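See below for the structure under consideration.
Structure representation (structure tokens):
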């Protein structure tokens, strides 16, 4: 495997020590960025082709440019560290293992788009990550890498660290803003988009942890280098969270040309106990199941889209033939019913009914009507929900039934 | 500026919503949580329409017109979503006093018993003040009452949404009886409730008629 970029320092530095981060080249990117015009940084991020690593895959440079162009102030940079997609733990590894990179990335973003304040919203259950991030912010501030006049420049950037309170829906960007603003964590209508009306109604850049971790390397080594780390249509390193019935579950860094089979067999040590793949859930609960004959798909956004799946957060959960798939579907259905915020009807009602139907099917009573009702629920939630939670809530269930041979076309 | 709605070219102005544009040419888009005196909440999703080129259906009550947009208000995709929403709703709460919704359901050929084997939201009737009762068995969580009590009309904030997901409910803060809240009994919430969950108890006591438990005035 090639020299890691995102995982370079993880496991090799003491994540609580600024000195270690500096010894490994930390804050050099910020130093250089502060000497450059903001527009040039935005252009570089655009040229790199970096797209969001939280699941939505929106071009990061385009997002930054939109906020840089806004004249209304104050502007904000928000790090979405509310990693809650089942089977996803890459952001946790970054936050616990290399927290200073987030601080550096956000300060660069602040300079690039004209924001002087940043917020890091950490999933409530991630207590260790929260402590490490908080420590990193405090250390960096003490050393002059955050605060007023960073490194004696004209650039100021302050970071506030917030904790979530146990809601998957608060990983949705507008629900996250509502939560920081002290309200119920429910999504807002889009448009308007965060680039114009984000946190506190202000122009806001909101990026996932992994997305931000790519920024210092891009500033240090340039967009051409970044583009060389992956196929033409999917540049840059990608972190995959591999779990389930594999010998070596963990976070793996690979170019997006890697196939699902390679991730399972070469990176994660193959299916454990000599077992065989029954199904693989790609993209977490919001993702889709692939069957054992579908493993040769490249793990990129477009590669998976071509087979009707989605990369999402890059979670890969391997389910072997020992597992009762009904238990898996039940767990997923229960997850969505529990996490639905309750604002919009399709999701609030649909996730509940989906759970009830899957429960009944799992107990052995499967009626043709059930498949039709699940299909209508999935289509309605996908087409009419306010946010991505509802829009994806039926996908895993329906694709799971397909892999089990139960989909009636 | 114009949009095309169901094949009809509709002249529009900047800032108009699809719902407003459709009304101009007599196209009625079904709606539930929308109320002309309140900020559109876009939570019932009954008003969703198909906007050519958009990934999902779009709520007409908040989506603003764009020049040249092509909109379909009655496509199969739209009707499927509306029908399913009403079928899901009918299995959850009592819609017997919401004739508009029942009429939409009939037109869509909805089977209101389709999900009848599911959990319902059921509550005791709250009769805790002289002016109105709250029968949340009929509440569809349109949140009009919360809006009317709060930012859109009265700025009294006696009502809120409690709980999460399917088991969300309209409630007072700390589930306090209404007379112990900031409620001023203005009646705005009752006026905007679309399903009869909030009802006036009857004519209010007047100086001529006796008030229960009050001392009779001096002759």
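Protein chains in written order, with my numbering: chain E, 14 to 422; chain G, -17 to 201.
Beta carbons: idealized from backbone N, C-alpha and C, even for Gly.
Note that the structure is a prediction, hence the values are computed from the model and not measured.
With a threshold of 16 other CB atoms inside 10 Å of the CB of residue 183 of chain G, please say whether the residue is buried or exposed.
Residue 183 of chain G sits at position 201 when you count from the first residue of the second chain. Exposed: under 16 other Cβ atoms inside 10 Å.
Can you tell which of E:28, E:29 and E:57 has its C-alpha closest to the C-alpha of residue 42 of chain E?
Mapped onto the first chain, residue 42 of chain E falls at position 29. The shortest Cα separation from residue 42 of chain E among E:28, E:29 and E:57 belongs to E:57.
In whole angstroms, give me the CA-to-CA distance for residue 33 of chain G and residue -15 of chain G.
Walking along the second chain from the start, residue 33 of chain G turns up at place 51. Walking along the second chain from the start, residue -15 of chain G turns up at place 3. C-alpha separation (whole angstroms): 10 Å.
Going by DSSP, name the residue or residues bridged to residue 182 of chain G.
Here residue 182 of chain G corresponds to residue number 200 of the second chain, with the count starting at 1. Residue 182 of chain G pairs with G:114.
In the structure shown, what three-state DSSP assignment does residue 191 of chain G receive?
Position 209 of the second chain, counted from the start, is the residue given in the question as residue 191 of chain G. In this prediction, residue 191 of chain G scores a pLDDT of 47, lower than 50, which makes its location untrustworthy; no coordinate-derived value is stated.
Which value, in whole angstroms, describes the spacing of the CA atoms of residue 31 of chain G and residue 169 of chain E?
Residue mapping note: residue 31 of chain G aligns to position 49 of the second chain, counting from 1. Residue mapping note: residue 169 of chain E aligns to position 156 of the first chain, counting from 1. Their backbone Cα atoms lie some 45 Å apart in a straight line.
Is residue 189 of chain E near residue 95 of chain E, with beta carbons less than 9 Å apart?
Residue 189 of chain E sits at position 176 when you count from the first residue of the first chain. Residue 95 of chain E sits at position 82 when you count from the first residue of the first chain. Their beta carbons are under 9 Å apart, which means residue 189 of chain E touches residue 95 of chain E by this criterion.
If the cut is a Cβ gap below 8 Å, which residues of chain E does residue 13 of chain G touch?
Against the second chain, residue 13 of chain G aligns to sequence position 31. Ordered by position in chain E, no residue passes the 8 Å Cβ test against residue 13 of chain G, which lies about 12 Å from the chain.
Listed in chain order, which residues of the segment 120 to 137 of chain E have Cβ atoms closer than 7 Å to some Cβ of chain G?
Within the segment 120 to 137 of chain E, no residue qualifies.
Judging by CA-CA distance, which residue of G:45, G:55 and G:-4 is the nearest neighbour of residue 202 of chain E?
Position 189 of the first chain, counted from the first residue, corresponds to residue 202 of chain E. Answer by Cα proximity: G:45.
With 9 Å set as the bound, which would you pick, yes or no: does the beta-carbon of residue 114 of chain G sit closer than that to a beta-carbon of chain E?
Numbered from 1 along the second chain, position 132 holds the residue referred to as residue 114 of chain G. No - not a single Cβ of chain E is within 9 Å of the one on residue 114 of chain G.
Rounding to the nearest angstrom, what Cα-Cα distance links residue 39 of chain G and residue 69 of chain G in this structure?
One-based indexing of the second chain puts residue 39 of chain G at position 57. One-based indexing of the second chain puts residue 69 of chain G at position 87. If I take the Cα positions, the gap works out to 18 Å.
Could you confirm whether any beta carbon from chain G is found closer than 9 Å to the beta carbon of residue 197 of chain E?
Residue 197 of chain E sits at position 184 when you count from the first residue of the first chain. So yes, residue 197 of chain E belongs to the interface.
Can you find a C-beta in chain G that's less than 9 Å from the C-beta of residue 250 of chain E?
Position 237 of the first chain, counting from 1, holds the residue named residue 250 of chain E. Cβ-Cβ to chain G under 9 Å: no for residue 250 of chain E.
When you compare the CB of residue 359 of chain E with every CB in chain G, is at least one pair closer than 9 Å?
Counted from its first residue, the first chain places residue 359 of chain E at position 346. Chain G contact via Cβ: present.
Residues of chain E with a CB under 8 Å from the CB of residue 30 of chain G: which are they?
By one-based count along the second chain, residue 30 of chain G stands at place 48. Chain E residues near residue 30 of chain G: 396 and 397.
How long is the line joining the alpha carbons of residue 192 of chain G and residue 112 of chain G, rounded to whole angstroms?
For the purposes of this step, residue 192 of chain G is taken as the residue at position 210 of the second chain. For the purposes of this step, residue 112 of chain G is taken as the residue at position 130 of the second chain. Any reading at residue 192 of chain G must be qualified, since the residue scores a pLDDT of 48, below 50, and its modelled position is unreliable; the value itself is stated next. One C-alpha to the other measures close to 13 Å.
Return the bridge partner residues of residue 266 of chain E from the DSSP annotation.
Position 253 of the first chain, counting from 1, holds the residue named residue 266 of chain E. BP columns for residue 266 of chain E point to E:252.
Report the residue from E:318, E:114 and E:332 whose alpha carbon sits nearest the alpha carbon of residue 20 of chain E.
Translated into positions along the first chain, residue 20 of chain E becomes position 7. The shortest Cα separation from residue 20 of chain E among E:318, E:114 and E:332 belongs to E:114.
Please list, in chain order, the chain G residues whose beta carbon lies closer than 9 Å to that of residue 447 of chain E.
The first residue shown for chain E is 14 and the last is 422, placing residue 447 of chain E beyond what the model contains.
Could you give the distance in angstroms between the alpha-carbon of residue 40 of chain E and the alpha-carbon of residue 62 of chain E?
As a working mapping, residue 40 of chain E is identified with position 27 in the first chain. As a working mapping, residue 62 of chain E is identified with position 49 in the first chain. Distance between the alpha carbons of residue 40 of chain E and residue 62 of chain E is about 23 Å.
Report the neighbours of residue 369 of chain E on chain G: residues whose CB is nearer than 9 Å to its CB, in chain order.
Here residue 369 of chain E refers to the residue found at position 356 of the first chain. Residues of chain G passing the Cβ test: 97, 99, 100 and 101.
Could you give the DSSP three-state label for residue 315 of chain E: helix, strand or coil?
Counting from 1 along the first chain, the entry for residue 315 of chain E is found at position 302. Correct three-state label for residue 315 of chain E: helix.
Just the chain E side, please: which residues come within less than 7 Å of residue 66 of chain G by C-beta, in chain order?
Taking the first residue of the second chain as 1, we reach residue 66 of chain G at position 84. The answer, in chain order, is 389, 390 and 393.
With residue 130 of chain E as the anchor, note down where its beta strand (DSSP E) starts and where it stops.
Looking up residue 130 of chain E in the first chain gives position 117. Here the beta strand (DSSP E) through residue 130 of chain E covers 130 to 135.
Suppose you measure from the CA of residue 256 of chain E to the CA of residue 383 of chain E; what does that come to, to the nearest Å?
In the first chain, counting from the first residue as 1, residue 256 of chain E sits at position 243. In the first chain, counting from the first residue as 1, residue 383 of chain E sits at position 370. Whole-angstrom Cα-Cα distance: 31 Å.
Chain E beta carbons: is any one of them nearer than 9 Å to that of residue 200 of chain G?
Here residue 200 of chain G refers to the residue found at position 218 when the second chain is read from its first residue. Confidence at residue 200 of chain G is low in this model, with a pLDDT of 46, below 50, so the placement of that residue should be treated as unreliable; the coordinate-derived value is given next. No, residue 200 of chain G lies away from the interface with chain E (no Cβ there is under 9 Å from its Cβ).
Is there a C-beta anywhere in chain G that falls below 9 Å from the one on residue 63 of chain E?
Translated into positions along the first chain, residue 63 of chain E becomes position 50. Judged by the 9 Å Cβ criterion, residue 63 of chain E is not in contact with chain G.
At 9 Å on the CB atoms, spell out the chain G contacts of residue 351 of chain E, in chain order.
In the first chain, residue 351 of chain E corresponds to position 338, counting from 1. Here the neighbours are 146 and 147.
Can you find a C-beta in chain E that's less than 9 Å from the C-beta of residue 196 of chain G?
Within the second chain, residue 196 of chain G is the residue found at index 214, counting from 1. Unreliable positioning characterises residue 196 of chain G in this predicted model, as indicated by a pLDDT of 47, which lies under 50. A coordinate reading is not provided.
Taking C-beta pairs closer than 9 Å, name the residues in chain G that residue 364 of chain E reaches, listed in chain order.
Looking up residue 364 of chain E in the first chain gives position 351. Near residue 364 of chain E (Cβ distances below 9 Å), the residues of chain G are 147 and 148.
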